[in-house]
Structure formats: C-alpha cells, structure tokens
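Novice: Numbering-wise, UniProt numbering puts 62 at position 62 of the sequence shown, and it's gapless, one number per residue.
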Amino acid sequence: MYEIIQVVHSYLAYVVLGLLFFAVANAIMGLVGNKMFTMEKDLRLSLFTLILAHIQLLIGLILYFVSPSGLQAIQTLGMGGLNAASRLLAVEHPFINIIAIVLITIGWSRHKKFVEGNKKFKSIAIFYGLGLVLILSRIPWGQWLN
C-alpha cells in the first residue's frame with residue numbers, strides 16, 4: 001500500500017505543479033493585461049488548482065504516517081539523528097508544503113472578497129506564487145528526478 005500511495009503522490013505532484021504554474025502565469029497575465037476575471041477560465045483554473053493541491057496534501061499526510069522516511073524516521077532516529085536527506089523528507093518537506101497550501105488557500109479566500117478583476121488576479125498571483133515557490137524549494141529533487 002505504501003508504494004501505491006508514494007507513486008500517486010509523486011505523479012499527482014507533476015499535475016499540481018503544472019496547474020499551479022499555469023494559475024500563477026494566468027493571474028499575472030490577467031493583472032498585467034488588465035483583463036476581466038472570468039468564471040469560465042480564471043475561476044475554474046484557480047479552483048481546480050486549489051482542489052488538487054488539497055488532495056495532494058491529504059495524500060502526502062497519509063504517506064507521512066505510513067512511510068518509513070516520515071514519522072517513523074523521527075521516532076526511530078530522533079530529530080538529532082536525521083541527516084540532511086532524512087530531515088528533508090521527515091520534517092522540511094511536509095512542514096513547508098503545509099504552509100504553501102495554507103498560502104494558496106488564503107489566496108483563494110481573499111480573491112472571493114474582491115469584485116474588481118485586478119484585485120482578484122493580484123491575490124491569486126501573490127499567494128499562489130508564494131505557494132509555488134515554497135513547494136519548489138522543498139521538493140526532494142534527488143529522488144524525484146531518478
């Protein structure tokens with residue numbers, strides 16, 4: 001079961017990163033181009049990104065509790081016994097990605113309060129963009145690209 005969850009988490013990460021990048025780029029283009037925020041494209045793209053990011057977080061939390069490199073690594077080695085690679089998987093990756101999902105959620109919630117398209121695009125661009133940067137900073141690239 002652990003292997004299936006890990007594969008789903010890894011492949012869904014590509015989808016979430018692609019959508020997140022596309023949502024941020026769309027928001028920046030909408031902000032710079034002074035476009036109207038449309039329900040058909042802009043809202044759906046932002047909402048779909050938010051939903052998949054939350055699903056990815058839930059799968060990641062399940063993986064954290066069943067993985068030998070998650071909570072079990074901390075329980076076995078203790079916080080002081082983790083090397084850099086173990087610490088990335090057991091502490092930094094989950095913590096920073098939870099913060100990133102919180103920022104994405106804040107961006108979604110803030111955009112709903114505005115009527116003007118520029119403010120909606122700005123909220124999504126800033127908070128989704130910060131979430132994207134945080135997620136990219138804590139991806140275990142060495143394992144992911146192999």
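Note that CB positions come from ideal geometry on N, CA and C, so glycine has one too.
Nearest to Gln6 by CA position, among Gly131, Gly60 and Leu130, is which residue?
Specialist: Gly60
Novice: For the region 111-120 and the region 76-93, state whether three or more C-beta atom pairs, one from each stretch, are separated by less than 8 Å.
Specialist: no
Novice: Is the separation between the beta-carbon of Leu132 and that of Val24 shorter than 8 Å?
Specialist: Taking 8 Å as the Cβ cut-off, Leu132 and Val24 qualify as a contacting pair.
Novice: Can you tell me whether Gly81 is buried or exposed, with buried defined as 16 or more other CB within 10 angstroms of its CB?
Specialist: exposed
Novice: Ala53 and Leu88 - do their beta-carbons sit closer together than 8 Å?
Specialist: Cβ atoms of Leu88 and Ala53: not closer than 8 Å.
Novice: Quick one: is Thr38 buried, meaning 16 or more other Cβ sit within 10 Å of its Cβ, or exposed?
Specialist: exposed
Novice: Do you know how far the Cα of Leu103 is from the Cα of Ile55?
Specialist: If I take the Cα positions, the gap works out to 15 Å.
Novice: Three-state secondary structure (DSSP) at Arg110?
Specialist: helix
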